[in-house]
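>
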Amino acid sequence: MVTELANTAPRHAKEMPQHNSRASCVHSIGNDSTAVLGDKETEPLDPDTDYSDVSAENTPLSSQSLLKALPDALADSGETRPLNLAEAADAYRTELRESEDSQYYCDRKKRADRHYHKLLQTDRFKIAEYSNPHTVMLSLRVDPVMDGVRIPPVNLFEAVKDSWQKIQERLRYQLSYKLGLDYEYAAIVAGTDHWATPHLHIYLWIDGEVDKSAFHPAVDAFVEDCKYAPDDGTGNEINNAVTIRGPQEQEFATDDVNKDLLEQRGAATTGAHYVASQIPHISHPEEASESELLHGATTVAAQSKAVHFSTGCWSEGDGETPREGSVTMDYSDITSESSDTPESNIAPTTHTTPLTPTVAYSVTLPQTVEQLSATANWDTSRRKLQRNVRRGKGPPSIMEYGMKESHCSIIN
1 MVTELANTAP
11 RHAKEMPQHN
21 SRASCVHSIG
31 NDSTAVLGDK
41 ETEPLDPDTD
51 YSDVSAENTP
61 LSSQSLLKAL
71 PDALADSGET
81 RPLNLAEAAD
91 AYRTELRESE
101 DSQYYCDRKK
111 RADRHYHKLL
121 QTDRFKIAEY
131 SNPHTVMLSL
141 RVDPVMDGVR
151 IPPVNLFEAV
161 KDSWQKIQER
171 LRYQLSYKLG
181 LDYEYAAIVA
191 GTDHWATPHL
201 HIYLWIDGEV
211 DKSAFHPAVD
221 AFVEDCKYAP
231 DDGTGNEINN
241 AVTIRGPQEQ
251 EFATDDVNKD
261 LLEQRGAATT
271 GAHYVASQIP
281 HISHPEEASE
291 SELLHGATTV
301 AAQSKAVHFS
311 TGCWSEGDGE
321 TPREGSVTMD
331 YSDITSESSD
341 TPESNIAPTT
351 HTTPLTPTVA
361 YSVTLPQTVE
371 QLSATANWDT
381 SRRKLQRNVR
391 RGKGPPSIME
401 YGMKESHCSI
411 IN
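The sequence shown maps to residues 1 to 412 in the UniProt record's numbering.
#1: Going by DSSP in three states, Arg-111 sits in which element: helix, strand or coil?
#2: Less than 8 angstroms between the CB atoms is what I'm expecting for Pro-60 and Arg-93, so what's the real figure, rounded?
#3: Which residues in the same chain as Ile-279 place their Cβ atom closer than 7 angstroms to its Cβ, once the five residues preceding and following it in sequence are excluded?
#4: Let me check one thing: in DSSP terms, what residues is Arg-81 bridge-paired to?
#5: I'd like to know if the region 311 to 320 and the region 165 to 174 are in contact, where contact means that at least 3 CB-CB pairs between them fall below 8 angstroms.
#6: Looking at the structure shown, is Ser-139 part of a helix, part of a strand, or coil, going by DSSP?
#7: By the three-class DSSP mapping on this structure, what secondary structure does Ile-202 have?
#8: How would you call Ala-184, buried or exposed, if buried means at least 16 neighbouring beta carbons within 10 angstroms?
#9: So His-308 is in the beta strand (DSSP E); what residue range does that whole segment cover?
#10: Using beta-carbon positions only, say whether Leu-45 and Pro-144 come within less than 8 angstroms of one another.
#11: Helix, strand or coil for Ile-151 per DSSP?
#12: Please report the straight-line C-alpha distance between residue 422 and Asp-107, rounded to a whole angstrom.
#13: Would Thr-269 and Asp-123 qualify as a contact pair, given that the criterion is a beta-carbon distance under 8 angstroms?
#14: Here's the rule: buried if 16 or more other CB atoms are within 10 angstroms of the residue's CB, otherwise exposed. What is Glu-129?
#15: So, with DSSP's three-state summary, where would you put His-281?
#16: Using a Cβ-Cβ cut-off of 7 angstroms (strictly less than) and excluding sequence neighbours within five positions of Ala-272, which residues of its own chain qualify?
#17: Is Ala-301 closer than 8 angstroms to Leu-96 when the C-beta atoms are compared?
#18: Please name the residue, chosen from Glu-57, Ser-63, Ser-55, Ala-86, that lies closest to Ala-294 on a Cα-to-Cα basis.
#19: Taking the beta strand (DSSP E) that Arg-245 falls in, what are its first and last residues?
#20: Taking the alpha carbon of Pro-65 as the reference point, which residue from Thr-311, Ala-75, Glu-57, Pro-198 has its own alpha carbon closest?
#21: For His-273, name the three-state secondary structure that DSSP assigns.
#22: Taking the C-alpha atoms as reference points, what is the distance between Val-275 and Asn-132?
#23: Mapping the DSSP letters down to three states, classify Glu-184 as helix, strand or coil.
#24: Compute the beta-carbon to beta-carbon distance between His-216 and Ser-139, rounded to the nearest angstrom, for a pair I have assumed lies under 8 angstroms.
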């Protein structure tokens with residue numbers, strides 16, 4: 001099924017919604033919005049009331065302890081305090097307007113454009129490339145109010161970001177090491193529609209069947225590690241936090257302005273469209289809601305990346321359209337024996353098909369988590385192999401990439 005997304009038309013050649021993309025996308029994608037947001041129209045942990053002007057004027061953008069880290073535009077130098085939420089949203093809107101008036105987009109805007117395009121392209125490529133593509137939406141949330149007082153959003157953003165390391169470790173261990181699945185992901189610290197509460201969306205493309213139990217450790221890690229996530233798991237129950245769609249349940253979307261462009265590239269899943277609409281700095285300043293402006297100011301104030309991709313996601317070198325019969329990796333011969341010299345365990349063999357060659361590698365994997373960390377990051381290496389083979393390059397040695405920092409490094 002292909003749904004047409006209205007009101008997300010770009011004003012330039014890149015696919016990028018310049019309007020209040022969040023609201024239009026939520027209404028357009030139907031079932032996915034229910035899967036992501038739950039039965040409540042607001043996020044599960046947000047108060048039922050709408051964005052409050054009184055709350056915005058009384059709540060600082062960050063705690064006083066984070067004041068020194070704030071950009072000058074988001075701190076009142078005269079009073080040496082963070083701007084309140086209403087002031088921060090106005091300051092952010094002014095910055096966007098000035099960028100528009102000077103006829104160029106600021107770096108954050110350009111980066112948001114690229115991220116939007118990259119996410120949808122990754123979705124198209126992975127759906128075409130994987131033999132049994134499944135998508136997973138993992139959404140993890142925090143409580144924006146403590147003891148009746150609204151928590152500054154920068155503090156919430158930092159808490160969500162700081163939990164990412166453990167989350168990605170649990171995902172990698174469960175999906176790659178235990179289940180042996182190939183996967184890629186995009187992770188976004190988004191803001192809720194009414195209160196701009198920072199929360200984490202992770203959209204995964206997985207080659208193979210998976211059930212919700214595989215994501216229990218990641219959800220548990222977030223609840224344990226993030227100080228603003230309720231200890232009892234409220235708002236992060238596994239059935240609400242995880243949505244899985246296989247090939248038969250998948251829904252796709254296009255938009256009415258980009259039909260010619262999308263006919264060449266192909267439609268993307270509705271889940272990917274939803275997550276892309278959550279990217280900070282994506283909306284036109286005159287169309288953005290107060291909550292979008294506030295979350296934009298929050299990400300600027302936090303001075304941290306709000307969007308992160310795994311290394312196997314789409315890049316410009318992959319081209320604009322998935323190739324028919326895309327090269328895939330065959331890991332059917334992977335063993336579970338450990339080795340002190342991982343690079344010696346790569347034994348490429350080539351199989352030809354009428355469309356493209358498929359290159360298979362036999363990689364010996366560590367047996368324990370300790371070996372996994374101590375010898376080589378086989379997960380990263382395997383992804384490097386996969387991406388290079390897709391581009392027609394020879395395989396790098398595992399050690400060349402294995403001792404480098406993980407592709408799932410913390411958002412910073």
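Glycine included, C-beta positions come from ideal geometry on N, C-alpha and C.
These numbers were taken from a predicted model, which means no experiment stands behind them.
According to the structure shown:
#1: Your numbering for residue 111 matches position 111 in the sequence shown. If DSSP states are grouped into helix, strand and coil, Arg-111 belongs with the helices.
#2: Start at 1 with the first residue of the sequence shown, and residue 60 comes out as number 60. Start at 1 with the first residue of the sequence shown, and residue 93 comes out as number 93. Not a contact, Cβ separation roughly 18 angstroms.
#3: On the sequence shown, position 279 is the one that residue 279 refers to. These residues qualify, in order along the chain: Ala-112, His-115, Tyr-116, Ile-188, Val-307.
#4: The sequence position of residue 81 within the sequence shown is 81, counting from 1. In DSSP, Arg-81 forms a bridge with Asp-76.
#5: no
#6: Locating residue 139 in the sequence shown gives position 139, where the first residue counts as 1. DSSP places Ser-139 in strand when its eight states are reduced to three.
#7: Position 202 of the sequence shown, counted from the first residue, corresponds to residue 202. Ile-202 falls in the strand class under three-state DSSP.
#8: Sequence index remark: in the sequence shown, residue 184 carries index 184 (1-based). Checking the sequence shown, residue 184 turns out to be Glu, not Ala. Per the 10 Å Cβ criterion, buried.
#9: For this step, residue 308 is matched to residue 308 along the sequence shown. His-308 -> beta strand (DSSP E) spans 307 to 309.
#10: Locating residue 45 in the sequence shown gives position 45, where the first residue counts as 1. Locating residue 144 in the sequence shown gives position 144, where the first residue counts as 1. Their beta carbons are under 8 angstroms apart, which means Leu-45 touches Pro-144 by this criterion.
#11: As a position in the sequence shown, residue 151 is number 151, starting the count at 1. Of the three classes helix, strand and coil, the one that applies to Ile-151 here is coil, per DSSP.
#12: Since the displayed the chain opens at 1 and closes at 412, residue 422 lies outside it and no answer follows.
#13: The residue given as residue 269 occupies position 269 in the sequence shown. The residue given as residue 123 occupies position 123 in the sequence shown. Yes; because the gap between Cβ atoms is below 8 angstroms, this pair is in contact.
#14: Sequence index remark: in the sequence shown, residue 129 carries index 129 (1-based). Buried, since its Cβ has 16 or more Cβ neighbours within 10 Å.
#15: In the sequence shown, residue 281 corresponds to position 281, counting from 1. Coil, per DSSP.
#16: Along the sequence shown, read from residue 1 onward, the residue named residue 272 stands at position 272. Excluding positions up to five away in sequence, the list reads Leu-119, Leu-120, Asp-123, Tyr-203.
#17: To locate residue 96, count along the sequence shown from 1; it is residue 96. To locate residue 301, count along the sequence shown from 1; it is residue 301. Going by C-beta atoms, Leu-96 is not nearer than 8 angstroms to Ala-301.
#18: Here residue 294 refers to the residue found at position 294 when the sequence shown is read from its first residue. In the sequence under discussion, the amino acid at residue 294 is Leu, which differs from the Ala named in the question. Selected option, being the one with the closest Cα: Ala-86.
#19: For the purposes of this step, residue 245 is taken as the residue at position 245 of the sequence shown. Unbroken beta strand (DSSP E) run through Arg-245: 242 to 245.
#20: The sequence position of residue 65 within the sequence shown is 65, counting from 1. For clarity, residue 65 is Ser in the given sequence; the question names Pro instead. Considering only alpha carbons, the answer is Ala-75.
#21: As a first step, residue 273 is located in the sequence shown; it is residue number 273 there, counting from the start. His-273: helix per DSSP, three-state reduction.
#22: Residue numbering aside, residue 275 sits at position 275 when the sequence shown is read from its first letter. Residue numbering aside, residue 132 sits at position 132 when the sequence shown is read from its first letter. Each residue's alpha carbon lies about 21 angstroms from the other.
#23: Position 184 of the sequence shown, counting from 1, holds the residue named residue 184. Strand at Glu-184.
#24: Against the sequence shown, residue 216 aligns to sequence position 216. Against the sequence shown, residue 139 aligns to sequence position 139. About 15 angstroms separates the two Cβ atoms, so there is no contact after all.
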